[in-house]
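Enquirer: Okay, here's the structure, questions in a sec.
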Amino acid sequence: MVITKDDINQVIKKYDKKKITVCTIASHSSLHVFRGAKDEGFRRCAICAKGRDIPYRRFDSADEYLIVDKFADVNDPKFQQHLRDMNAIITPHGSFVAYVGLEKIENDFLVPMIGNRNILRWEAERERVTKLFEAANIRKPQKIYGPDKIDRPCMVKFPGARGGRGYFVTDSPAGFDEKIKLMVKKGWLEEADRERAHIEEYVAGDIYCMHYFYSPLTKTVEMLGMDRRHEANIDGLVRIPAKDQIEANLQPTYVVTGNFPVVARESLLDQAFAMGDRLAEVAEKMVPPGLLGAFCIQTMCTDNLEFVAFEISARQDGGTNTFMDGSPYSYLKYGPGMSMGRRYCLELKEALKQNRLEDIVT
Ligand code: AMP
Numbered sequence: 009m010v011i012t013k014d015d016i017n018q019v020i021k022k023y024d025k026k027k028i029t030v031c032t033i034a035s036h037s038s039l040h041v042f043r044g045a046k047d048e049g050f051r052r053c054a055i056c057a058k059g060r061d062i063p064y065r066r067f068d069s070a071d072e073y074l075i076v077d078k079f080a081d082v083n084d085p086k087f088q089q090h091l092r093d094m095n096a097i098i099t100p101h102g103s104f105v106a107y108v109g110l111e112k113i114e115n116d117f118l119v120p121m122i123g124n125r126n127i128l129r130w131e132a133e134r135e136r137v138t139k140l141f142e143a144a145n146i147r148k149p150q151k152i153y154g155p156d157k158i159d160r161p162c163m164v165k166f167p168g169a170r171g172g173r174g175y176f177v178t179d180s181p182a183g184f185d186e187k188i189k190l191m192v193k194k195g196w197l198e199e200a201d202r203e204r205a206h207i208e209e210y211v212a213g214d215i216y217c218m219h220y221f222y223s224p225l226t227k228t229v230e231m232l233g234m235d236r237r238h239e240a241n242i243d244g245l246v247r248i249p250a251k252d253q254i255e256a257n258l259q260p261t262y263v264v265t266g267n268f269p270v271v272a273r274e275s276l277l278d279q280a281f282a283m284g285d286r287l288a289e290v291a292e293k294m295v296p297p298g299l300l301g302a303f304c305i306q307t308m309c310t311d312n313l314e315f316v317a318f319e320i321s322a323r324q325d326g327g328t329n330t331f332m333d334g335s336p337y338s339y340l341k342y343g344p345g346m347s348m349g350r351r352y353c354l355e356l357k358e359a360l361k362q363n364r365l366e367d368i369v370t
């Protein structure tokens, strides 16, 4: 049974609003949520996988640590009840979605979360992302319909959260076949993946991942930071002179290993805000109540100074880790120290003050 807004409203009706606990899975981008909760005066609970609690304890991240054998155990009805008993509000992030599971979040996990639990599926399915981009008039890489249609440099991607593993670049149908064979040999793809390949034009540009926060209370989209990804081995590969690259015969891979903060030219900011505004606007109509809280648009900026978007996160993205103590953009709006996690907690505090908790959770 799908969890409805009404189900969640019933849960928060019973909550002691003076004893809210900010809670998430200790992974991905949770550190600044825990720190932000402390800064805004909330009790904090970290759900840790057995043996993976050390960073969180060393950083004094939580008031309570719940240790589970595996993160999916949070779905256990008794565990959920424990979370509700501590008046828990969850902040979802990439690992939360991956480990708890989309279906469970939609149907079973009856604990309020800041954000829209029903839009998480939209970021995971390429056709839905395309629908959102088209409705919001956001430029995306041109899709190539089948390996035999490859007539320019293309990026070939595969479904599922693989962190870019198995992706490759090619410019011909023969190159496609050759690289599929190579990836299968490596064990990164299966022969059956050939049919699942998503092929799109290769956008030669710079990566800008934009971190927005949509406040349902003020009905505005804020720009809180931007990052670029460190990807292995492509970022290492390009440090070898071209001649040696050819000799080394290494295949580029796009596995994200970290992030670093960036700022865009100031003249690009109106485009960046317009994209965030339009995406939030269409999301509200297409997947109500829309993109509540953090979302991210991953783009390439071309030499025409145009952003081409290739992915979204409909929750807190990993790149938010680049501004645990604030970014140049969050500084402009809030002064020092505003991370994405803290911004969540600020929204929570304001919603509680205005008695509008139900407007920010699902
Ligand atoms: P994704 O898993 O879609 O985030 O892509 C992983 C990485 O592949 C990105 O961070 C980019 O470095 C690269 N990438 C993805 N799509 C494209 C594209 N259309 N053109 C060029 N590079 C891309």
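Numbering (the working numbering), first residue to last: 9 to 370.
Just so you know, even glycine gets a beta-carbon here, dropped at the ideal spot from N, CA and C.
The alpha helix (DSSP H) with V105 in it runs from where to where?
Expert: In the DSSP annotation of this structure, the continuous segment of the alpha helix (DSSP H) that includes V105 starts and ends at 102-108.
Enquirer: Give me, in chain order, the residues of the same chain whose beta-carbon lies closer than 7 Å to that of Q279; leave out the 5 immediate sequence neighbours on both sides.
Expert: F315
Enquirer: Going by beta-carbon coordinates alone, are M94 and T370 separated by less than 8 Å?
Expert: no
Enquirer: In three-state DSSP terms, what is H219?
Expert: strand
Enquirer: Assuming C353 and E48 form a contact by the criterion Cβ under 8 Å, report the distance between their Cβ atoms to the nearest whole angstrom.
Expert: 4 Å
Enquirer: With distances taken Cα to Cα, identify the nearest neighbour of L91 among G327, P344, D24.
Expert: Its Cα nearest to that of L91, the residue D24 stands out among G327, P344, D24.
Enquirer: Please give me, in chain order, every unbroken run of the alpha helix (DSSP H) with length at least 4 that falls completely inside the stretch 227-276.
Expert: 242-245, 250-256
Enquirer: Excluding the 5 residues flanking P224 on each side, which residues of the same chain have their C-beta closer than 6 Å to its C-beta?
Expert: For P224, same chain residues with a beta-carbon under 6 Å away, outside a window of 5 residues either side, are L300, D367, I368 in chain order.
Enquirer: Who are G301's beta bridge partners in DSSP?
Expert: Y222
Enquirer: Is I146 a contact residue of the ligand AMP, with contact defined as CB to any heavy atom under 7 Å?
Expert: no
Enquirer: Mapping DSSP to helix, strand and coil, what is A96?
Expert: strand
Enquirer: Determine which residues share a DSSP beta bridge with Q324 and list them.
Expert: H101
Enquirer: Would you be able to state if there are at least three C-beta pairs under 8 Å between the stretch 102-121 and the stretch 10-17?
Expert: yes
Enquirer: Just to check, is the beta-carbon of E319 closer than 7 Å to a non-hydrogen atom of the ligand AMP?
Expert: For the ligand AMP, at least one heavy atom lies less than 7 Å from the Cβ of E319.
Enquirer: For a quick check, are the C-beta atoms of A80 and C53 less than 8 Å apart?
Expert: No, these two residues do not count as a Cβ contact at 8 Å.
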